[in-house]
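**Student:** Submitted below is the structure of interest, expressed as structure tokens.
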Ligand SMILES: C[S@@+](CC[C@H](N)C(=O)[O-])C[C@H]1O[C@@H](n2cnc3c(N)ncnc32)[C@H](O)[C@@H]1O
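Numbering (this note's numbering), first residue to last: 1 to 380.
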């Protein structure tokens, strides 16, 4: 969970962080090449995934329990193994229904979720593949997954034909987005430029360009409005679906269906940065040091998947999904110190309601255990 998003904004005082000057120079070069402007997706992908200096490529210790560990955020599998155990019950059903025995995990973080799933699923999983854009966390993953070394492998490119169960926890929110702004009734794309005069030699600034791009819903918008669109996440899903001949996908993330995402009241957008367990909304500073995310438009993801040939098997809140998958039964007899973090996963005011689970099927159709009660596919 990017749990700190519920905490204070980034405290500016007392912060001693060396700017990543090489990364900033690369982005300025891109801006120069783009005629003084790049779209936000380009900025975000460079800030996060530049092979040398990007946030996810370099030695930042991103994921961990507290600021003291030098980390920036904590995710569900890091909070408690109950997450992997409950998800594992749903994955067991998906393996059975799809008659497959392998798992593909995207953006596997420290390897902790892989460990939990492998432990829980035992011989039902014959092969577990970790897919990430960067190898930075590989060492940590190798150490965590040592007992399962015969089953685990790492790839950075996907084969043409795939099958099995896909897991993506907090991956879609890390895929670059484009930013749109409606100003006095006119839509602009909000990209990035830099200026020497106003904010110092390396200062990045927002910059608007007129655009034919629109959010998927714009009825009801009257005032000024800032939002995101997610072409890269949708392309990612389509590519994946097209490669699968038989499989079940579980995507877990914070986000909404499009009517909620593009609601006239959500006029500030959902871009969010995470640094040392605090959240802020300015991705243009501390570039490469902060995580940058946007909420997921699950309707867009579901439609893209359907177009590519997948079926939406279910969509619900994380709370419903984990409870339906047996989270509470797994806590019987467990000490209260271990129960408390598990309850965070399902508490409405913490991760239970903002986080959703989308279950997709390719070449296989069934009613997912995790969506048995409280399915919200009709809201997509
Ligand atoms: C917030 S972290 C996820 C952490 C982890 N799943 C957990 O639960 O602790 C997001 C991860 O997604 C990865 N990622 C983003 N886009 C990806 C893609 N297209 N394919 C594979 N991994 C991707 C990033 O490199 C990053 O490691």
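Where a beta carbon is used, it is the ideal one built from N, C-alpha and C, also for glycine.
Opposite residue 268 in the DSSP bridges: which residues?
**Tutor:** Answer is 226.
**Student:** For the candidate residues 34, 269, 240 and 314, whose alpha-carbon lies nearest to that of residue 193?
**Tutor:** Out of 34, 269, 240 and 314, 34 has the C-alpha closest to the C-alpha of residue 193.
**Student:** With 16 as the cutoff for other CB atoms within 10 Å, does residue 253 come out buried or exposed?
**Tutor:** With 16 or more other Cβ atoms within 10 Å, it is buried.
**Student:** How about residue 131: is its Cβ closer than 7 Å to a heavy atom in ligand 1?
**Tutor:** Under cutoff, so the answer is yes.
**Student:** Going by CA-CA distance only, name the one from 258, 210, 86 and 182 that's closest to residue 217.
**Tutor:** For residue 217, the nearest C-alpha among the options comes from 258.
**Student:** Does DSSP put residue 52 in a helix, a strand or coil?
**Tutor:** Residue 52: coil per DSSP, three-state reduction.
**Student:** Could you tell me whether the segment 353–370 touches the segment 305–320, where touching means 3 or more Cβ pairs closer than 8 Å?
**Tutor:** A contact exists between the segment 353–370 and the segment 305–320.
**Student:** Any heavy atom of ligand 1 closer than 7 Å to the beta-carbon of residue 76?
**Tutor:** Within the cutoff, so yes.
**Student:** If we count the other Cβ atoms within 10 Å of its Cβ and call it buried at 16 or more, is residue 19 buried or exposed?
**Tutor:** Under this definition residue 19 is an exposed residue.
**Student:** Using only CA atoms, which one of 147, 166 and 122 lies nearest to residue 130?
**Tutor:** Out of 147, 166 and 122, 166 has the C-alpha closest to the C-alpha of residue 130.
**Student:** Is residue 169 close to ligand 1? I mean its beta-carbon at under 7 Å from any heavy atom of the ligand.
**Tutor:** Yes - ligand 1 has a heavy atom lying nearer than 7 Å to the Cβ of residue 169.
**Student:** So does the segment 98–108 actually touch the segment 118–130, counting three or more Cβ pairs closer than 8 Å?
**Tutor:** Yes: at least three Cβ pairs fall under 8 Å.
**Student:** What does residue 129 pair with, by DSSP beta-bridge criteria?
**Tutor:** DSSP, once it has assigned bridges, lists 104 and 153 as partnering residue 129.
**Student:** Should residue 146 be labelled buried (16 or more other beta-carbon atoms within 10 Å of its own) or exposed?
**Tutor:** Exposed is the call here.
**Student:** Here's the rule I'm using: 16 or more other beta-carbon atoms within 10 Å means buried, otherwise exposed. How should residue 183 be labelled?
**Tutor:** So residue 183 ends up on the exposed side.
**Student:** Using a threshold of 8 Å, state whether the C-beta atoms of residue 203 and residue 54 are closer than that.
**Tutor:** No, they are not a contact pair.
**Student:** What residue from 158, 185, 74 and 56 has the CA that sits closest to residue 137's CA?
**Tutor:** Cα-wise, what sits closest to residue 137 is 56.
**Student:** Leaving out the 5 sequence neighbours to the left and right, which residues in its chain are closer than 6 Å to residue 372 when beta-carbon positions are compared?
**Tutor:** Counting only Cβ-Cβ distances below 6 Å, and skipping sequence neighbours, we find 324.
**Student:** Taking just the CA atoms, how far does residue 215 sit from residue 262?
**Tutor:** Roughly 8 Å between the two C-alpha positions.
**Student:** Mind checking whether the beta-carbon of residue 380 lies closer than 7 Å to any heavy atom of ligand 1?
**Tutor:** Checking every heavy atom of ligand 1 against the Cβ of residue 380, none is found closer than 7 Å.
**Student:** Quick test of the definition: if touching needs 3 or more C-beta pairs under 8 Å, does the segment 106–119 touch the segment 170–178?
**Tutor:** Short answer: they touch.
**Student:** Which residue spans inside the segment 208–261 form an unbroken alpha helix (DSSP H) run of at least 4?
**Tutor:** Taking only runs of at least 4 residues, the alpha helix (DSSP H) segments lying wholly in the segment 208–261 are 231–243 and 258–261.
**Student:** Measure the C-alpha to C-alpha separation of residue 328 and residue 190 and round it to an integer number of angstroms.
**Tutor:** Their backbone Cα atoms lie some 44 Å apart in a straight line.
**Student:** Based on the DSSP secondary-structure assignment, which residues constitute the bridge partners of residue 293?
**Tutor:** Note: residue 293 sits in a beta bridge opposite 272.
**Student:** With burial defined as no fewer than 16 other Cβ atoms inside 10 Å of the residue's Cβ, what is the status of residue 156: buried or exposed?
**Tutor:** Classification of residue 156: exposed, given that the 10 Å Cβ count is below 16.
**Student:** Where does residue 325 fall in DSSP's three states?
**Tutor:** Residue 325 falls in the coil class under three-state DSSP.
**Student:** Would residue 82 and residue 370 qualify as a contact pair, given that the criterion is a beta-carbon distance under 8 Å?
**Tutor:** For residue 82 and residue 370, no; Cβs fall outside 8 Å.
**Student:** Quick one: grab the DSSP three-state call for residue 308.
**Tutor:** Looking at residue 308 - three-state DSSP - the assignment turns out to be coil, as it is neither helix nor strand.
**Student:** Out of 17, 47, 41 and 40, point me to the one whose CA is closest to residue 25's CA.
**Tutor:** The candidate whose alpha carbon is nearest that of residue 25 is 47.
**Student:** Ligand 1 and residue 63: does any heavy atom of the ligand fall closer than 7 Å to the residue's C-beta?
**Tutor:** Under cutoff, so the answer is yes.
**Student:** Would you call residue 29 buried or exposed, if buried means 16 or more other Cβ atoms sit within 10 Å of its Cβ?
**Tutor:** Per the 10 Å Cβ criterion, exposed.
**Student:** Would the beta-carbon of residue 45 be found less than 7 Å away from any heavy atom of ligand 1?
**Tutor:** Outside the cutoff, so no.
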